[in-house]
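See below for the structure under consideration.
Number of protein chains: 2
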Amino acid sequence: MAANGLLDRRLFLKRGLAFATAAPLVAAADEPWLTTPGAPFTNYGQPSPHEKGVVRWISANAAVPGNGISWTPLHELEGTITPTGLHFERHHNGVPQIDPARHALLVHGEVERALEFSMPALLRYPRESTIFALECGGNSNAGWQDKPIQAAAGYFHGLVSCSEWTGVPLRLVLAEAGVTSGAAWIVAEGADAFGMTVSLPLEKALDDCLLALYQNGERLRPEQGYPLRLVVPGWEGVLNVKWLRNLKVAREPVMARNETSKYTELMPDGRARQFTFVMDVKSLLTSPSHGMHLDAHGLYELSGLAWSGRGRITKVEVSADGGQTWADAELGHPVLPRAFARFRAPFDWQGQRAVLQSRATDETGAVQPARAALVAARGTQGYFHYHAIVSWALAADGTVTHTYVDALPAPAAQGQGFDAPWE
Amino acid sequence: MAANGLLDRRLFLKRGLAFATAAPLVAAADEPWLTTPGAPFTNYGQPSPHEKGVVRWISANAAVPGNGISWTPLHELEGTITPTGLHFERHHNGVPQIDPARHALLVHGEVERALEFSMPALLRYPRESTIFALECGGNSNAGWQDKPIQAAAGYFHGLVSCSEWTGVPLRLVLAEAGVTSGAAWIVAEGADAFGMTVSLPLEKALDDCLLALYQNGERLRPEQGYPLRLVVPGWEGVLNVKWLRNLKVAREPVMARNETSKYTELMPDGRARQFTFVMDVKSLLTSPSHGMHLDAHGLYELSGLAWSGRGRITKVEVSADGGQTWADAELGHPVLPRAFARFRAPFDWQGQRAVLQSRATDETGAVQPARAALVAARGTQGYFHYHAIVSWALAADGTVTHTYVDALPAPAAQGQGFDAPWE
Numbered sequence: 001m002a003a004n005g006l007l008d009r010r011l012f013l014k015r016g017l018a019f020a021t022a023a024p025l026v027a028a029a030d031e032p033w034l035t036t037p038g039a040p041f042t043n044y045g046q047p048s049p050h051e052k053g054v055v056r057w058i059s060a061n062a063a064v065p066g067n068g069i070s071w072t073p074l075h076e077l078e079g080t081i082t083p084t085g086l087h088f089e090r091h092h093n094g095v096p097q098i099d100p101a102r103h104a105l106l107v108h109g110e111v112e113r114a115l116e117f118s119m120p121a122l123l124r125y126p127r128e129s130t131i132f133a134l135e136c137g138g139n140s141n142a143g144w145q146d147k148p149i150q151a152a153a154g155y156f157h158g159l160v161s162c163s164e165w166t167g168v169p170l171r172l173v174l175a176e177a178g179v180t181s182g183a184a185w186i187v188a189e190g191a192d193a194f195g196m197t198v199s200l201p202l203e204k205a206l207d208d209c210l211l212a213l214y215q216n217g218e219r220l221r222p223e224q225g226y227p228l229r230l231v232v233p234g235w236e237g238v239l240n241v242k243w244l245r246n247l248k249v250a251r252e253p254v255m256a257r258n259e260t261s262k263y264t265e266l267m268p269d270g271r272a273r274q275f276t277f278v279m280d281v282k283s284l285l286t287s288p289s290h291g292m293h294l295d296a297h298g299l300y301e302l303s304g305l306a307w308s309g310r311g312r313i314t315k316v317e318v319s320a321d322g323g324q325t326w327a328d329a330e331l332g333h334p335v336l337p338r339a340f341a342r343f344r345a346p347f348d349w350q351g352q353r354a355v356l357q358s359r360a361t362d363e364t365g366a367v368q369p370a371r372a373a374l375v376a377a378r379g380t381q382g383y384f385h386y387h388a389i390v391s392w393a394l395a396a397d398g399t400v401t402h403t404y405v406d407a408l409p410a411p412a413a414q415g416q417g418f419d420a421p422w423e
Numbered sequence: 424m425a426a427n428g429l430l431d432r433r434l435f436l437k438r439g440l441a442f443a444t445a446a447p448l449v450a451a452a453d454e455p456w457l458t459t460p461g462a463p464f465t466n467y468g469q470p471s472p473h474e475k476g477v478v479r480w481i482s483a484n485a486a487v488p489g490n491g492i493s494w495t496p497l498h499e500l501e502g503t504i505t506p507t508g509l510h511f512e513r514h515h516n517g518v519p520q521i522d523p524a525r526h527a528l529l530v531h532g533e534v535e536r537a538l539e540f541s542m543p544a545l546l547r548y549p550r551e552s553t554i555f556a557l558e559c560g561g562n563s564n565a566g567w568q569d570k571p572i573q574a575a576a577g578y579f580h581g582l583v584s585c586s587e588w589t590g591v592p593l594r595l596v597l598a599e600a601g602v603t604s605g606a607a608w609i610v611a612e613g614a615d616a617f618g619m620t621v622s623l624p625l626e627k628a629l630d631d632c633l634l635a636l637y638q639n640g641e642r643l644r645p646e647q648g649y650p651l652r653l654v655v656p657g658w659e660g661v662l663n664v665k666w667l668r669n670l671k672v673a674r675e676p677v678m679a680r681n682e683t684s685k686y687t688e689l690m691p692d693g694r695a696r697q698f699t700f701v702m703d704v705k706s707l708l709t710s711p712s713h714g715m716h717l718d719a720h721g722l723y724e725l726s727g728l729a730w731s732g733r734g735r736i737t738k739v740e741v742s743a744d745g746g747q748t749w750a751d752a753e754l755g756h757p758v759l760p761r762a763f764a765r766f767r768a769p770f771d772w773q774g775q776r777a778v779l780q781s782r783a784t785d786e787t788g789a790v791q792p793a794r795a796a797l798v799a800a801r802g803t804q805g806y807f808h809y810h811a812i813v814s815w816a817l818a819a820d821g822t823v824t825h826t827y828v829d830a831l832p833a834p835a836a837q838g839q840g841f842d843a844p845w846e
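Shown next as structure tokens:
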């Protein structure tokens, strides 16, 4: 039985919520929208002006404004699909404005015949769709810092977004070129002015990668790779090369900047990890989360996201006492492999201090680690693949902040609530 | 074995597609985007200027510009999720611009306690998400006309869109108000200047309806009901009241305009159908479809959408000879109840004339009817719930047009191809 306010889902619905107020005798009827014709039809809809604060937060290099990131505001979103306009970005030299009539994909190297695919030619090929969470390998890397970053969930973990991608299976294009024996890698290059280049094992390329033309039903947005993006389900975001122009089949990886000076991590024993492609099982509570405030005592729904590059999420547990006790959260439907799964659990807050956590398990049996365990295994020279349990400290005044409680000795239960260890 | 060019999916992948061209010796490197820093980061992304033609097509009343519809361009989209900016619209007096701080939901009538829910109060309740295809009861009604309308697929069938909706289960709010015995209906009213009003059986309200706050991850767009919409999965779009302000629990339906002068259909035997809530099993090919042109002989992928308000799609068949022979199409994953299912099938076009069709079956065993059968059953005084098989005529010159071939005598097979009956 989980402690410190966590409830069984059935109790949640039986307790009565009572957040409404007694109705007035007469409904208000004097608002202008009730009596005045509304705005005309639009060809392409946009969010309400009242939601103009729900945006990607940009962290770009002042000296090189096209080099940086923008974050998905996970703490303001719901469900499992990320709005395309809020999908995170990582650019190295800005967003190229490509004319699709002048763009083509070259496939060459260790192949029987080098081929060029115009966009109209690619649109003739069979297509597949897949919904998955695309995550930057550097997402959540503030977690490696000695002190817990005090930032909203989306500005700490929001380099991950979940979309439906549709495109041509990469294996079809490679079959047409005829991969020669001895080939083991694909080197992919983008058409931005940075010339983004990565190496990808041929085995993955022949499995489930797509030459994506559509995202969430429509053609790609420019900042997501228009007109063509390599998508590599479940693997590091950097491999999902935008504005794809060049695929070279090779015997060896190219050892580009993003697989040598970056994406290589020094371990505590002096060895380095490289080509750590798969994104690990992960979860976080988005509501409540850092920066939110519980205004009143009573029932709350804890809600968050879980995902794994290795497959389907099978379980998410939540804790209100910093991981001493756990309760199973409810998973929304459908739970798709490598996609966001939304989890929910009821929580009764009567002013007690709490440390709120979630812990995800995937279908391979992998379990999201506590932060102390992850740091012990990887050291603090890493930068990528941070996926430890996230802890939000709920104070008696209702404020929610980020904490590293799970790195500290287990606190003793005390009185009405939980004696939060950061005090 | 299906005739007239339909192929087995495995053959499709074995035949070799060969739409690429031999690669140039040197890749082009002189495009400006390869050498010049790109555009800066954006807080909220938009489509490429090269895709500016992919919009909702507006059919509004010239005298009352806020009364009309806009269509989802199904023929330009892929996958199963409709971009939120392209979700179809049906408005009666424009789009109200509602300040959420001044909006509330009143629940009253046959209840133990009348209640008012502010938006912050509603946001305290537990939430659920569901992905489903929301379809106007009048979608595809040009199909009732004597002659086949010559319009793109989206401007004929595009009053349907598929989204992930997230909100508070309506049953929770009704439980809190305490529905009294004898109540059997809910009367829902919107906060637009038309005062849109509909009646909904209480049984459905207590089943799976949501008070939706989010669509595809973000808060509702104004034209989709911001800040609150009633969503009624699988049932006529008109019931999904936008800008929801009023829920009256009642013993009888209110007999509003949209359930008496509209949404009531005269049948051939003189009786009328009323309260025909559930949307029937349906499908159409989106590629190719009316107005498209096959530029060259060779292999094509037929692709389209199937859905049913009654549950999951279990089978989609395609025909290239006007329904004389059928082949199973491949269904994309996942197939979710009441949501769009994407289907695909290979087609070898060597210049033969063809009538391309799709026929969907759902998990209740319901099969999409031929047009002649639907018209025989319902007559031509109907206006709603047209869901017959859609036929696209492919001519020898590669043009694709809409035809009613299935209402005509079955033609004889002839020569290389199929002798299309409209000639």
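In order, the protein sequence lines correspond to chains A and B.
First residue of the first sequence? That's 1 in the working numbering, and the numbers climb one at a time after it.
First residue of the second sequence? That's 424 in the working numbering, and the numbers climb one at a time after it.
Glycine included, every Cβ here is placed at the ideal spot set by N, Cα and C.
From a predicted model like this one, the values you see are computed outputs, not experimental measurements.
If we count the other Cβ atoms within 10 Å of its Cβ and call it buried at 16 or more, is Asn4 of chain A buried or exposed? Here residue 4 of chain A refers to the residue found at position 4 when the first sequence is read from its first residue. Result: buried.
Rounded to whole angstroms, how far is the Cβ of Val591 of chain B from the Cβ of Arg550 of chain B, which I believe are closer than 8 Å? Within the second sequence, residue 591 of chain B is the residue found at index 168, counting from 1. Within the second sequence, residue 550 of chain B is the residue found at index 127, counting from 1. About 6 Å; that satisfies the 8 Å criterion.
As assigned by DSSP and simplified to three states, the class of Leu172 of chain A: Within the first sequence, the letter at position 172 stands for residue 172 of chain A. Residue state, collapsed to three classes: helix.
Leaving out the 5 sequence neighbours to the left and right, which residues in its chain are closer than 6 Å to Leu689 of chain B when beta-carbon positions are compared? Sequence index remark: in the second sequence, residue 689 of chain B carries index 266 (1-based). Answer for Leu689 of chain B: Ala695 and Gln804, listed in chain order.
Could you list which residues in chain A have their beta carbon closer than 7 Å to that of Gly517 of chain B, in chain order? Working through the second sequence from its first residue, we reach residue 517 of chain B at position 94. Going along chain A in sequence order, the residues near Gly517 of chain B (Cβ under 7 Å) are Pro37, Gly38, Ala39 and Pro40.
Using a Cβ cut-off of 8 Å (strictly closer), state whether Glu846 of chain B contacts chain A. If you number the second sequence from 1, residue 846 of chain B lands on position 423. Because Glu846 of chain B sits at a pLDDT of 32, beneath the cut-off of 50, its placement in the model cannot be relied upon, and the following sentence gives the value as read from the coordinates. Put simply, the CB of Glu846 of chain B is far from chain A, with every gap to its CB atoms at 8 Å or more.
Give a yes or no on whether the minimum CB-CB distance between Leu77 of chain A and chain B is below 8 Å. For the purposes of this step, residue 77 of chain A is taken as the residue at position 77 of the first sequence. Output row for Leu77 of chain A: interface = yes.
Residues bridged to Trp815 of chain B (per DSSP): The sequence position of residue 815 of chain B within the second sequence is 392, counting from 1. Answer by DSSP bridge pairing, in chain order: B:Leu779 and B:His825.
Are the CB atoms of Arg642 of chain B and Ser48 of chain A nearer to each other than 8 Å? Along the second sequence, read from residue 1 onward, the residue named residue 642 of chain B stands at position 219. Along the first sequence, read from residue 1 onward, the residue named residue 48 of chain A stands at position 48. In terms of Cβ geometry, Arg642 of chain B and Ser48 of chain A form a close pair [threshold 8 Å].
Straight-line gap, Pro844 of chain B to Val828 of chain B (C-alpha atoms, nearest Å): Against the second sequence, residue 844 of chain B aligns to sequence position 421. Against the second sequence, residue 828 of chain B aligns to sequence position 405. The predicted model places Pro844 of chain B with a pLDDT of 37, which falls under 50 and marks its position as unreliable; any figure quoted below should be read in that light. Rounded to the nearest angstrom, the two C-alpha atoms are 6 Å apart.
Beta-carbon separation of Leu356 of chain A and Trp392 of chain A under 8 Å? Counting from one through the first sequence, the residue named residue 356 of chain A turns up at place 356. Counting from one through the first sequence, the residue named residue 392 of chain A turns up at place 392. Judged by beta-carbon spacing, Trp392 of chain A lies within the 8 Å limit of Leu356 of chain A, meaning their Cβ atoms are closer than that value.
Does the beta carbon of Ile736 of chain B come closer than 8 Å to any beta carbon on chain A? Numbered from its first residue, the second sequence carries residue 736 of chain B at position 313. At a cut-off of 8 Å between beta carbons, Ile736 of chain B makes no contact with chain A.
Stretch-stretch touch, CB-based, cutoff 8 Å, three pairs: the segment 273-293 of chain A with the segment 310-323 of chain A: Yes, the segment 273-293 of chain A is in contact with the segment 310-323 of chain A.
Own chain partners of Asp295 of chain A with C-beta closer than 7 Å, once the 5 adjacent residues on each side are dropped: Taking the first residue of the first sequence as 1, we reach residue 295 of chain A at position 295. Cβ-Cβ distances below 7 Å link Asp295 of chain A to Gly398 in the same chain, with the five nearest sequence neighbours on each side left out; the list follows chain order.
Could you name the residues that DSSP lists as bridge partners for Gln638 of chain B? Counted from its first residue, the second sequence places residue 638 of chain B at position 215. Gln638 of chain B pairs with B:Trp588 and B:Glu641.
If you measure from the beta carbon of Glu112 of chain A to each beta carbon in chain B, is any gap under 8 Å? Here residue 112 of chain A refers to the residue found at position 112 of the first sequence. Chain B, which has no Cβ nearer than 8 Å to the Cβ of Glu112 of chain A, makes this no.
Reducing DSSP to helix, strand and coil, say where Glu786 of chain B ends up. For the purposes of this step, residue 786 of chain B is taken as residue 363 along the second sequence, with counting starting at 1. Three-state DSSP puts Glu786 of chain B in coil, outside helix and strand.
In the DSSP assignment, what residue or residues form a beta bridge with Asp751 of chain B? On the second sequence, position 328 is the one that residue 751 of chain B refers to. Paired residues: B:Glu740.
What's the call for Phe194 of chain A, buried or exposed, on a 16-neighbour Cβ count within 10 Å? Counted from its first residue, the first sequence places residue 194 of chain A at position 194. Phe194 of chain A is buried by the Cβ-count criterion.
For the segment 95-107 of chain A against the segment 453-465 of chain B, do three or more pairs of beta-carbon atoms, one drawn from each stretch, fall closer than 8 Å, so that the two count as touching? Taking 8 Å as the limit for Cβ pairs, the verdict is that the segment 453-465 of chain B does touch the segment 95-107 of chain A.
Since Lys665 of chain B sits in a beta bridge, which residues does DSSP pair it with? Position 242 of the second sequence, counted from the first residue, corresponds to residue 665 of chain B. Per DSSP, none; premise fails for Lys665 of chain B.
Per-residue DSSP class, three states only, for Glu846 of chain B: Within the second sequence, the letter at position 423 stands for residue 846 of chain B. Reliability of the predicted coordinates at Glu846 of chain B is poor, the pLDDT of 32 falling under 50, and no value is obtained from them.
Establish whether the CB of Asn562 of chain B and some CB of chain A are separated by less than 8 Å. One-based indexing of the second sequence puts residue 562 of chain B at position 139. So no, Asn562 of chain B is outside the interface.
Are the CB atoms of Ala576 of chain B and Thr709 of chain B nearer to each other than 8 Å? For the purposes of this step, residue 576 of chain B is taken as the residue at position 153 of the second sequence. For the purposes of this step, residue 709 of chain B is taken as the residue at position 286 of the second sequence. For Ala576 of chain B and Thr709 of chain B, yes; Cβs fall inside 8 Å.
Starting from the beta carbon of Asp431 of chain B, find every residue of chain A whose beta carbon is closer than 8 Å, and list them in chain order. As a working note, residue 431 of chain B is residue 8 in the second sequence. Correct list: empty, because the minimum Cβ distance to chain A is about 13 Å.
Given this structure, state the Cα-to-Cα distance separating Leu509 of chain B from Ala354 of chain A, to the nearest angstrom. Position 86 of the second sequence, counting from 1, holds the residue named residue 509 of chain B. Position 354 of the first sequence, counting from 1, holds the residue named residue 354 of chain A. Using only the alpha carbons, I get a separation of about 43 Å.
What is the DSSP secondary structure of Asp431 of chain B, reduced to helix, strand or coil? Within the second sequence, the letter at position 8 stands for residue 431 of chain B. In this structure, Asp431 of chain B counts as coil in the three-state DSSP scheme.
Could you check where the alpha helix (DSSP H) with Phe579 of chain B kicks off and where it finishes? Along the second sequence, one-based indexing puts residue 579 of chain B at 156. Per DSSP, Phe579 of chain B belongs to the alpha helix (DSSP H) from Gly577 to His580.
Taking only beta-carbon atoms, is Arg271 of chain A less than 8 Å away from chain B? By one-based count along the first sequence, residue 271 of chain A stands at place 271. In terms of beta-carbon proximity, Arg271 of chain A stays away from the interface with chain B, with every pair separated by 8 Å or more.
For Ala376 of chain A, which three-state DSSP category applies? In the first sequence, counting from the first residue as 1, residue 376 of chain A sits at position 376. Look at Ala376 of chain A here: in three-state DSSP terms it is helix.
Do three or more CB pairs link the segment 157-167 of chain A to the segment 134-143 of chain A at distances below 8 Å? Touching, yes, given that three or more Cβ pairs across the two stretches are closer than 8 Å.
For Leu7 of chain A, count the other beta carbons within 10 Å of its own beta carbon; 16 or more makes it buried, fewer makes it exposed. Which is it? Residue 7 of chain A sits at position 7 when you count from the first residue of the first sequence. With 16 or more Cβ atoms within 10 Å of its Cβ, Leu7 of chain A is classed as buried.
Put Arg765 of chain B into one of helix, strand or coil per three-state DSSP. On the second sequence, residue 765 of chain B is found 342 positions in, with the first residue counted as 1. If DSSP states are grouped into helix, strand and coil, Arg765 of chain B belongs with the strands.
Could you tell me which chain A residues have their CB closer than 7 Å to the CB of Leu759 of chain B, listed as they occur along the chain? For the purposes of this step, residue 759 of chain B is identified with residue 336 of the second sequence, where counting begins at 1. Within chain A, the residues whose beta carbon sits less than 7 Å from that of Leu759 of chain B are Pro334, listed in sequence order.
Compute the Euclidean distance between the alpha carbons of Pro222 of chain A and His473 of chain B, then round it to the nearest angstrom. The count along the first sequence starts at 1 and reaches residue 222 of chain A at position 222. The count along the second sequence starts at 1 and reaches residue 473 of chain B at position 50. CA-CA distance, Pro222 of chain A to His473 of chain B, rounds to 10 Å.
Contact check, Ala188 of chain A vs Val198 of chain A, beta carbons under 8 Å: Within the first sequence, numbered from 1, the residue matching residue 188 of chain A stands at position 188. Within the first sequence, numbered from 1, the residue matching residue 198 of chain A stands at position 198. Result yes, Cβ atoms of Ala188 of chain A and Val198 of chain A sit closer than 8 Å.
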